[in-house]
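Undergrad: Residues in the sequence shown are numbered from 1 upward in steps of one, following this note's numbering.
Sharing a structure here in structure tokens format.
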Amino acid sequence: MADTTGSISGYGYILKQVFEAELSRSARLLFCLLTVFADSDTWQAYPNNRLITGYLRMNIKTFRRARTELANLGYLQFEHQGSTTLYTLTLNQAKIGQKGAHNGYGYFPKLIMLNNHLSNNSKLIYAFLASHAGTKGIAWPSVGKMVSQLKMSPKTFYNAQRELKQADFIKIDRRYDGRVNQTNVYTLIANQKVVGNVVELDPWFKTNRSLLAPAYYELAYQTPLTVQQKKQLQPFIREHGDQWVNMATFYARKYGFQYAYIYEVVKDWQRMQLQTPDDVVDWMSRYSVDQQGDDHGIPEDRFKDYLLSFFR
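Put into structure tokens, the structure is as follows:
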């Protein structure tokens, strides 16, 4: 395989459930690989067998056994279409993209999964941490929990963890309360590069709030909408206008959510009969305070003015 270090962008979504379920190491690795190739709209991917076995360093028999294991558990569907196999991540379909708190999954960068310089054990550790890190890129599971759920010996775990630290993919902060050691805090450096600094993006949103919705989305996420995503948003744009849809993009991007969340939000807004940007601002100010508490870092009585400053 070619060297992929530093040249791969993009990410998938990895769920805690993958590590909580009784799955083999091979099945978990396969799911991790498929998730970085899966489209976040359809949750489908179609990498060929040679690519899969090459990146996973796995023989074809082990790969097929892992694929069957995932399918039997209902995490995956696959169908052969000529020389291509289409994979649908049914677990992701069921768990990701619903409106509400970002819980139970996190971003998993391609840069990690497709990195030939990392062992499979270190990739699994990173994926485990990512599944606990949400949108912030920070997690603090105990070593005991990781060793148990990853089914690794302490020695294997620490060796693989050292790989990630030496490659500057994670930072480990050890906590001590003056009496006993507490769980370490793991900062996922690669994840924070994926998500970006939301505060730094605010001036872009403010300056470009009148862009057409597809252009505004691309500015926010540094990637264009797919053809299918444009078709999904077009009815909302026609009925309510680009700025109305841009507000959903702003809200999702500010809190680290992705396209699937945007789509769920605009559908909800329409069901709630939020017709104008003013209607949406009123809802956003109430919902953000109710759901996010002080997470937005702005006093409650100023949050509505903050939103208005971007969309008026």
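C-beta: ideal position from N, C-alpha, C; glycine also.
If you run the structure through DSSP and keep just helix, strand and coil, what is W204?
TA: Start at 1 with the first residue of the sequence shown, and residue 204 comes out as number 204. Here W204 scores only 46 on pLDDT, less than 50, and its place in the model should not be relied on; the value that follows carries that caveat. Reduced to three states, the DSSP call for W204 is helix.
Undergrad: In three-state DSSP terms, what is I96?
TA: Taking the sequence shown and counting its residues from 1, one reaches residue 96 at position 96. It is coil, neither helix nor strand.
Undergrad: Which of the three DSSP states is assigned to E22 in this structure?
TA: Here the question's residue 22 lines up with position 22 in the sequence shown. Of the three classes helix, strand and coil, the one that applies to E22 here is coil, per DSSP.
Undergrad: Here's the rule I'm using: 16 or more other beta-carbon atoms within 10 Å means buried, otherwise exposed. How should T249 be labelled?
TA: Here the question's residue 249 lines up with position 249 in the sequence shown. So T249 counts as buried.
Undergrad: Three-state secondary structure (DSSP) at Q77?
TA: Locating residue 77 in the sequence shown gives position 77, counting from the first residue. If DSSP states are grouped into helix, strand and coil, Q77 belongs with the strands.
Undergrad: Compute the beta-carbon to beta-carbon distance between Y126 and I138, rounded to the nearest angstrom, for a pair I have assumed lies under 8 Å.
TA: Position 126 of the sequence shown, counted from the start, is the residue given in the question as residue 126. Position 138 of the sequence shown, counted from the start, is the residue given in the question as residue 138. About 13 Å separates the two Cβ atoms, so there is no contact after all.
Undergrad: Helix, strand or coil: which one does DSSP assign to L86?
TA: Position 86 of the sequence shown, counted from the start, is the residue given in the question as residue 86. Looking at L86 - three-state DSSP - the assignment turns out to be strand.
Undergrad: With burial defined as no fewer than 16 other Cβ atoms inside 10 Å of the residue's Cβ, what is the status of F205: buried or exposed?
TA: Locating residue 205 in the sequence shown gives position 205, where the first residue counts as 1. Summary for F205: the model assigns pLDDT 48, below 50, so the residue's position carries little reliability; its value from the coordinates is reported in the next sentence. So F205 counts as buried.
Undergrad: Nearest to L86 by CA position, among P154, S26, L188, F37, is which residue?
TA: Reading the sequence shown from its first residue, position 86 is the one you call residue 86. Looking at the Cα atoms, F37 is the closest of the given residues.
Undergrad: What's the C-alpha gap between Q222 and Y259?
TA: For the purposes of this step, residue 222 is identified with residue 222 of the sequence shown, where counting begins at 1. For the purposes of this step, residue 259 is identified with residue 259 of the sequence shown, where counting begins at 1. C-alpha separation (whole angstroms): 12 Å.
Undergrad: Spell out a yes or no on whether the segment 148 to 166 and the segment 117 to 132 are touching, meaning 3 or more CB-CB pairs, one atom from each, closer than 8 Å.
TA: Contact between the segment 148 to 166 and the segment 117 to 132 is present, because at least three Cβ pairs lie under 8 Å.
Undergrad: Expressed to the nearest angstrom, what Euclidean distance is found between the alpha-carbon atoms of R162 and N115?
TA: Position 162 of the sequence shown holds residue 162. Position 115 of the sequence shown holds residue 115. For R162 and N115, the distance between alpha carbons rounds to 15 Å.
Undergrad: Does K145 come out as helix, strand or coil in the three-state DSSP assignment?
TA: In the sequence shown, counting from the first residue as 1, residue 145 sits at position 145. In this structure, K145 counts as helix in the three-state DSSP scheme.
Undergrad: Helix or strand or just coil, what does DSSP make of K16?
TA: The residue labelled residue 16 in the question sits at position 16 within the sequence shown. Three-state DSSP puts K16 in coil, outside helix and strand.
Undergrad: Between D295 and the rest of its own chain, which residues show a CB-CB distance below 7 Å, the 5 nearest in sequence each way excluded?
TA: As a first step, residue 295 is located in the sequence shown; it is residue number 295 there, counting from the start. In this predicted model, D295 has a pLDDT of only 39, less than 50, meaning its place in the structure is not dependable; the value taken from the coordinates is given anyway. Cβ within range, chain order: n/a, list empty.
Undergrad: Going by DSSP in three states, K136 sits in which element: helix, strand or coil?
TA: Sequence index remark: in the sequence shown, residue 136 carries index 136 (1-based). Coil.
Undergrad: By Cβ distance, which residues of its chain are closer than 7 Å to Y11, with the 5 residues on each side in sequence left out?
TA: By 1-based counting over the sequence shown, the position of residue 11 is 11. Counting only Cβ-Cβ distances below 7 Å, and skipping sequence neighbours, we find V36, Y107, F108, P109, K110, V194.
Undergrad: What are the start and end residues of the alpha helix (DSSP H) that includes P224?
TA: Walking along the sequence shown from the start, residue 224 turns up at place 224. From DSSP, P224 is part of no alpha helix (DSSP H); its letter is neither H nor E.
Undergrad: Straight-line CA distance for Q192 to Q243?
TA: Stepping through the sequence shown from its first residue, residue 192 is reached at position 192. Stepping through the sequence shown from its first residue, residue 243 is reached at position 243. Approximately 28 Å, taken between the alpha carbons.
Undergrad: May I ask which residues mark the beginning and end of the beta strand (DSSP E) holding K171?
TA: Taking the sequence shown and counting its residues from 1, one reaches residue 171 at position 171. Counting along the chain, the beta strand (DSSP E) containing K171 begins and ends at 170 to 173.
Undergrad: Do G104 and L15 have their C-beta atoms closer together than 8 Å?
TA: Counting from 1 along the sequence shown, the entry for residue 104 is found at position 104. Counting from 1 along the sequence shown, the entry for residue 15 is found at position 15. Yes, they are a contact pair.
Undergrad: Starting from T187 and walking both ways along the beta strand (DSSP E), at which residues does that stretch end?
TA: As a working note, residue 187 is residue 187 in the sequence shown. 185 to 188 is the extent of the beta strand (DSSP E) around T187.
Undergrad: Would you tell me roughly how many angstroms separate the C-alpha atoms of I153 and Y75, rounded to the nearest one?
TA: Start at 1 with the first residue of the sequence shown, and residue 153 comes out as number 153. Start at 1 with the first residue of the sequence shown, and residue 75 comes out as number 75. With the sequence shown as reference, residue 153 is identified as Ser, and Ile is not the correct amino acid for it. For S153 and Y75, the distance between alpha carbons rounds to 26 Å.
Undergrad: Quick check on this structure: which residue in D268, H240, D39, Y186 has the alpha carbon closest to the alpha carbon of V227?
TA: By 1-based counting over the sequence shown, the position of residue 227 is 227. Closest option to V227, Cα to Cα, is D39.
Undergrad: Between Y186 and L150, which are expected to be in contact by the criterion C-beta below 8 Å, what is the C-beta distance as a whole number of angstroms?
TA: Residue 186 sits at position 186 when you count from the first residue of the sequence shown. Residue 150 sits at position 150 when you count from the first residue of the sequence shown. Contact flag wrong, Cβ pair sits at about 14 Å.
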